[in-house]
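The numbering used here puts the first residue of the sequence shown at 149, with every later residue one more than the last. Input: a single structure, listed below in structure tokens.
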Amino acid sequence: MSATQPRATVTITTRPLWRIRLARELPRHLLHALATVGLLASARVAIDPPRPSLPAALLHRPAAADLAAEGYATLFARRYLTWEARDPQAREEALAPYLGAGLAQGAGLQPPAGSEQRVQWAQVVQEREPLAGEHVYTVAAQTDTAGLLYLTVSVSRTNAGLTLVGYPAFVGAPASGPARAAGGVHLREVSEPALSAVVVRALRNYLAGSATELAADLANGAQISMPGLALSLQSLQSLQWAAGAGAVLAVVQAEDRRGAQYTLAYELNVAREQGRWEIAAIQMDPDA
Numbered sequence: 149m150s151a152t153q154p155r156a157t158v159t160i161t162t163r164p165l166w167r168i169r170l171a172r173e174l175p176r177h178l179l180h181a182l183a184t185v186g187l188l189a190s191a192r193v194a195i196d197p198p199r200p201s202l203p204a205a206l207l208h209r210p211a212a213a214d215l216a217a218e219g220y221a222t223l224f225a226r227r228y229l230t231w232e233a234r235d236p237q238a239r240e241e242a243l244a245p246y247l248g249a250g251l252a253q254g255a256g257l258q259p260p261a262g263s264e265q266r267v268q269w270a271q272v273v274q275e276r277e278p279l280a281g282e283h284v285y286t287v288a289a290q291t292d293t294a295g296l297l298y299l300t301v302s303v304s305r306t307n308a309g310l311t312l313v314g315y316p317a318f319v320g321a322p323a324s325g326p327a328r329a330a331g332g333v334h335l336r337e338v339s340e341p342a343l344s345a346v347v348v349r350a351l352r353n354y355l356a357g358s359a360t361e362l363a364a365d366l367a368n369g370a371q372i373s374m375p376g377l378a379l380s381l382q383s384l385q386s387l388q389w390a391a392g393a394g395a396v397l398a399v400v401q402a403e404d405r406r407g408a409q410y411t412l413a414y415e416l417n418v419a420r421e422q423g424r425w426e427i428a429a430i431q432m433d434p435d436a
């Protein structure tokens with residue numbers, strides 16, 4: 149008696165049409181959604197880019213020099229440190245536009261009787277911005293009696309214009325140290341006589357203001373701004389390769405028509421073209 153063979157069965161299951169369409173089109177919808185999210189994210193970055201979190205001290209650093217505020221502080225320092233016994237009223241009148249009702253007459257300074265002082269020169273040498281819109285300038289002022297003084301002057305820019313913030317203060321000089329060799333130490337001496345000869349010839353013509361002769365040693369496209377003071381090159385003191393590549397540092401002795409002698413340092417960009425050395429720049433870029 150033979151075993152009964154199993155018969156294949158077919159099961160029919162009904163599903164809603166919307167579920168079938170959803171299962172078939174879901175990957176495409178997900179891809180479109182991801183693309184849309186990416187575009188929105190890119191648009192947000194373009195419209196409102198993320199900003200790095202900076203220390204508070206840096207948030208109020210001035211973005212650019214305020215020349216008007218610098219001049220305001222410098223002029224105040226000159227008038228503040230200048231007085232003459234024969235005409236004390238002149239100083240008070242000179243300072244009056246700066247003071248208003250906020251500060252004492254004469255900005256709180258009472259010169260000694262019978263004395264006088266003049267400012268020979270004054271210049272801003274340091275700046276900080278403790279608050280947005282407020283500048284604290286350190287002004288160096290050379291006086292004929294007290295010598296070189298450093299005075300801090302606080303200036304604020306308001307809707308009405310520039311104004312002083314509080315009284316000035318005498319301070320010390322900005323930190324400084326002894327001079328060092330240009331480019332640092334351990335620079336390599338230039339040992340190629342051909343390069344040395346080109347540098348000496350180029351600097352001689354450059355210092356003398358001989359643009360036509362200098363052009364023979366310039367690279368194509370080199371832009372050189374000639375100095376206003378004509379000098380004669382006396383000697384080349386040293387010639388070293390600058391840090392990095394493609395430039396040399398030359399220290400020279402030069403003399404002007406009056407006989408004044410100068411020790412000067414120049415950085416020259418150099419390049420070898422078809423076996424000869426050419427000068428691409430001397431000390432500065434006139435187009436920068």
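Where is the CB? At the ideal position from N, CA and C, for every residue including glycine. Small disclaimer: the values here were computed from a predicted structure and weren't measured.
- Residue pairing of S304 in beta bridges, as defined by DSSP: E282, T311.
- With respect to the 7 Å criterion, V301 and V287 are classified as neighbours on the basis of their beta carbons.
- Taking all protein chains shown into account, L296 has fewer than 16 neighbouring C-beta atoms within 10 Å of its C-beta and is therefore exposed.
- When only Cα atoms are considered, Q382 and G357 end up about 15 Å apart.
- Rounded to whole angstroms, the separation of the alpha carbons of A183 and G394 is 48 Å.
- A distance below 8 Å between beta-carbons, with the five flanking residues on each side excluded, links P236 to the following residues of its chain, in chain order: P259.
- A contact between stretches requires three or more CB pairs, one per stretch, nearer than 8 Å, and the stretch 245-262 fails this requirement with the stretch 272-283.
- Secondary structure of R276 (DSSP, three-state): strand.
- Taking each of Q401, Q422, T311, A238 in turn and checking the Cα distance to L247, the smallest one comes out for T311.
- Between L251 and the set L178, D433, V313, the nearest pair of CA atoms involves V313.
- By the neighbour-count definition (other C-beta atoms within 10 Å, threshold 16), W231 is a buried residue.
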